[in-house]
Amino acid sequence: MKVRVKMFANLQEISGTSEVFLDAETVLSALDQLVRMFEGLKPEIFEDYERKQLMARIKIMVNGTSIDYIDGLKTVLREGDRVAVFPILAGG
Amino acid sequence: MTSKILRVDMNELKVSCEEVPERWRNLGGRALTSTIVAEEVPPTCHPLGPRNKLVFASGIVTGTSAPTSGRISVGGKSPLTGGIKEANAGTSFAQKLARAGIKAIIVQGMSKDKYYLLNIAKGKRDLIEATPWCGRGLYEAFAQLREKFGKDVAICATGIAGELSGAAAGVAFNDIEGLSSRYAGRGGLGAVMATRGLKFIVVDDEGGPGVEIKDKELFKKGTKKLTDALTTHGVTKPGGTLNTYGTDALINVINEAGALPHRNFSSGYDELAPLVGGEKKAETIKKRGGERPHMCSPGCIIQCSEVWVKEGGKDPVGVLEYESVWALGPNCGIYNLDDVGELNRACNDLGVDTIEMGDTIAVAMEGGLAKFGDGKKALELMEEIRKGTPLGRILANGTEFTGKALGVTRIPTVKGQGIPAYDPRPIKGIGVTYATTPMGADHTAGYAIAPEILGVGGKVDPLDTKKADLSRGLQQATAFIDTSGYCLFIAFAVMDIPEGLEGAVESCNAVLGTKWTVNDAVALGAKVLDIERNFNKAAGLTRAHDRIPEFMKLEPLPPKNVVYDVTDAELDKVYPN
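Protein chains in written order, with my numbering: chain U, 1 to 92; chain S, 1 to 577.
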């Protein structure tokens, strides 16, 4: 499935881009490809890459819904889905 | 106790010093302004009439070396909501007022025909005629006042919108550069100030008694715990997201969540939003030679502020906050930071709240006065306020007034106050706060966005409609933080690091000589809310006012296509009595 992965805040600075298009069946597959493309993103996104454990402070949405409320890293992607990856941030 | 209450009688043009009554001794910030307003202002009075009062109070630890604590609360009966109002700002004015030995200023009565300036300096408290600085923009007025009174003074003001009695008028304070960019913006308190006949307050704290600390060891211990939390948490630490990108970093995350209101709350997502996001803004400021990060007041560790400038580093505006960028940007269909910067400059110059004015301009666009996206026309509309035309007077009265004047039915307000930068349809908890806080639509009153979207202070499904307990708890904690003098943004760290919250409470105990626990602090917040709600009830506000606008229950918000479906019964559970 061709999906769009958008990155924000320091993830943009590290990767040097704000988005990439990937072929991925799940969120985990998309993130896996992302950190292979941009090695510097690995410690920002994964607490333990081998165990595929996300950093507690990373937020991932698929079409505007947090993967916490879908199926986590196993969330299945469909053609044209928008995956957004954020570090922890807040404001007011 | 060295600090005093300063009572400014604008009928008699007299300023008097009073001892702090015992019942007010352990209060500061919001608890003090709301208590004084509830005791001294008849709830049914006209907000712009002779019986309303305007109260200023720095927070409990403000003026000490406690980190990120330069907050001042301003209170009165709001001409926008018809209820009690507390609006607060981060500014050196708060710290200088506290160090000058003034616990609160109570402004009452109305001068007959002139505007005055209250000058607080070296033990003197004089009212002098302010005519030379009236009817002009606040950037110019602040520069002239600093020229006359000294570069180090702190300044508070109401602007041209206040002079028009506009319910969108805020109370302006200086930033570190001396610009009129820090606002206790919400609820129209600038109009209350202007109708008293008070145009400016200038404070010089040189030679002042400072803020007494009862237990210096405890203060050191408490502030260290809080500092450790702030410098550790990913949101608040140096190099963290607030420090690097400012509050505007939220544009993209809220847009991605489908909850950033575009074109007067008609959509929650737009591909153009990143053009005004924090990432783009930080990059532009760096290129142009503005400042980022930056402190809104001395001693802030978080430093989320900035100085936005034009191309070539010219004409500093001050900070472009997330709320301001959203209100004057995507909510008006404007995706150009230079247009947003000039609109924000106009707000700071005219003395209007950016959220209220952004909602107002968007409603005016929907009403046919301009096309969505037309930044130049939006600026022309704001200039109508400067000229004092009938249209300018309508706009200066805010979103609801303008919507009614133009026959618009999609009016995003609660209790007459414009809704901020989170559409409640896909984020139910923030809607519960908008509906039930005594302040009218106000995201800061109980920031449910933190757990609902940002994963700060826990994780909660934004679409879950059972949010009464969440909102109540946040409202109580917020009322305490607004009392303490700490910036609300400490909450991001202390919600995740409990020692930080303990430290904040301990530092308050150290200043006051109290023995509050964290639970006592939250109970104080609950008491403040009781005081505020009782005032509102006596003013005529009912449960029918604790509601989200009807259009949000009827019109699904794209792209999630959800309506606001929290039941009235759930809203009423927040405050059962």
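Even for Gly, the Cβ is constructed at its ideal location relative to N, Cα and C.
Against chain U, with Cβ distances strictly below 8 Å, would Thr244(S) count as a contact?
At least one CB of chain U lies nearer than 8 Å to the CB of Thr244(S).
Given Met55(U) as reference, the closest of Ser18(U), Asn63(U), Ala24(U) and Val85(U) once Cα atoms are compared:
When each option's Cα is compared against that of Met55(U), the closest is Val85(U).
In chain order, what residues of the segment 16 to 47 of chain U put their CB closer than 9 Å to some CB of chain S?
The segment 16 to 47 of chain U vs chain S, Cβ under 9 Å: Ser18.
Give me the residue from His233(S), Tyr564(S) and Leu557(S) with the minimum Cα distance to Asp496(S).
Checking every option, the nearest Cα to that of Asp496(S) belongs to His233(S).
I need the DSSP call for Met7(U), collapsed to helix, strand or coil.
If DSSP states are grouped into helix, strand and coil, Met7(U) belongs with the strands.
Do you know how far the Cα of Leu118(S) is from the Cα of Trp133(S)?
Taken atom to atom, the span from the alpha-carbon of Trp133(S) to that of Leu118(S) is near 13 Å.
Under the DSSP definition of a beta bridge, which residues are partnered with Ile201(S)?
Ile201(S) is bridged by DSSP to Leu118(S) and Cys156(S).
Can you tell me whether Leu127(S) is helix, strand or coil according to DSSP?
Reduced to three states, the DSSP call for Leu127(S) is strand.
Under 8 Å by Cβ, that's how I've got Ser324(S) and Thr354(S) pegged, so tell me the actual separation to the nearest angstrom.
Here Ser324(S) really is in contact with Thr354(S); their C-beta atoms are around 4 Å apart, less than 8 Å.
Is there a Cβ from chain S that is less than 8 Å from the Cβ of Lys74(U)?
So no, Lys74(U) is outside the interface.
Chain S contact for Arg57(U) (CB, 8 Å cutoff):
Under the 8 Å criterion on CB atoms, Arg57(U) is classed as interfacial with respect to chain S.
Go ahead and pull the three-state DSSP assignment for Ser165(S).
Reduced to three states, the DSSP call for Ser165(S) is coil.
Would you please verify whether the beta carbon of Leu77(U) is less than 8 Å from any beta carbon of chain S?
Not a single CB atom of chain S sits nearer than 8 Å to the CB of Leu77(U).
Cβ-Cβ distance between Val107(S) and Leu27(S) below 8 Å
Contact: no.
For Ala362(S), the first and last residue of its enclosing beta strand (DSSP E)
Annotation: Ala362(S) is outside any beta strand (DSSP E); the continuous alpha helix (DSSP H) that includes it extends over Thr354 to Glu366.
Gln12(U): contacting residues in chain S (beta-carbon distance under 7 Å):
For the C-beta of Gln12(U), the chain S residues within less than 7 Å are, from N- to C-terminus, Glu279.
Tell me whether Ile128(S) is buried or exposed, calling it buried when 16 or more other Cβ atoms sit within 10 Å of its Cβ.
Exposed, because fewer than 16 other Cβ atoms sit within 10 Å of the Cβ of Ile128(S).
Against Lys459(S), what residues of chain U qualify as contacts under a CB-to-CB distance less than 7 Å, listed in chain order?
The contacting residues are Asp68.
According to DSSP, what are the bridge partners of Cys17(S)?
For Cys17(S), the pairing in a beta bridge is given by DSSP as Leu6(S).
DSSP has His262(S) in a bridge; who is on the other side?
In the DSSP output, where bridge partners are listed per residue, His262(S) has Ser267(S).
For Cys296(S), count the other beta carbons within 10 Å of its own beta carbon; 16 or more makes it buried, fewer makes it exposed. Which is it?
Classification of Cys296(S): buried, given that the 10 Å Cβ count is 16 or more.
Using 8 Å as the Cβ pair cut-off and three pairs as the minimum, do the segment 500 to 512 of chain S and the segment 540 to 554 of chain S touch?
No, they do not touch.
Does the beta carbon of Met61(U) sit closer than 8 Å to a beta carbon anywhere in chain S?
Met61(U) belongs to the set of residues whose beta carbon lies under 8 Å from a beta carbon in chain S.
Note down the Cα distance separating Gly80(U) from Glu86(S), rounded to an integer number of angstroms.
Spanning the two alpha carbons is a distance of roughly 46 Å.
Pull up the CB-CB distance for Gly440(S) and Thr195(S), whole angstroms please, since I reckon it's below 8 Å.
Rounded, the Cβ-Cβ distance is 19 Å, inconsistent with contact.
Have a look at Asp338(S), His294(S) and Gly375(S) and flag the residue whose alpha-carbon is nearest the alpha-carbon of Gly312(S).
Taking only the C-alpha atoms, the option nearest Gly312(S) is Asp338(S).
Run through DSSP, which three-state label would Gly525(S) get?
The three-state reading of DSSP puts Gly525(S) in helix, counting H, G and I together.
Looking at the structure shown, is Ser181(S) part of a helix, part of a strand, or coil, going by DSSP?
Correct three-state label for Ser181(S): coil.
In or out: Asp71(U) buried (at least 16 other Cβ within 10 Å) or exposed?
Asp71(U) counts as exposed, since fewer than 16 other beta carbons sit within 10 angstroms of its beta carbon.
Once you ignore the five residues that flank Arg472(S) on each side, which residues in its own chain have a CB closer than 7 Å to its CB?
Hits under 7 Å: Val574.
To the nearest angstrom, how far is it from the Cα of Ser34(S) to the Cα of Leu54(S)?
Cα to Cα, Ser34(S) sits roughly 10 Å from Leu54(S).
If contact means a Cβ-Cβ distance below 8 Å, which residues of the segment 426 to 441 of chain S contact chain U?
Cβ contacts with chain U come from Pro426.
Who are the near neighbours of Gly290(S) in its chain, counting only those whose CB is closer than 6 Å to its CB and skipping five residues on each side?
Excluding sequence positions up to five before and after Gly290(S), its CB lies within less than 6 Å of the CB of Val307, Trp308 and Val309, all in the same chain and listed in chain order.
Out of Gly407(S), Cys300(S), Thr542(S) and Gly318(S), state which residue places its alpha-carbon closest to the alpha-carbon of Ser65(S).
Among Gly407(S), Cys300(S), Thr542(S) and Gly318(S), the Cα nearest to that of Ser65(S) is on Cys300(S).
If you draw a straight line from the alpha carbon of Val522(S) to that of Leu474(S), how long is it in whole angstroms?
Using only the alpha carbons, I get a separation of about 9 Å.
When DSSP builds the beta bridges, which residues end up paired with Asp48(U)?
For Asp48(U), which the question treats as bridged, DSSP gives the partners Gln53(U).
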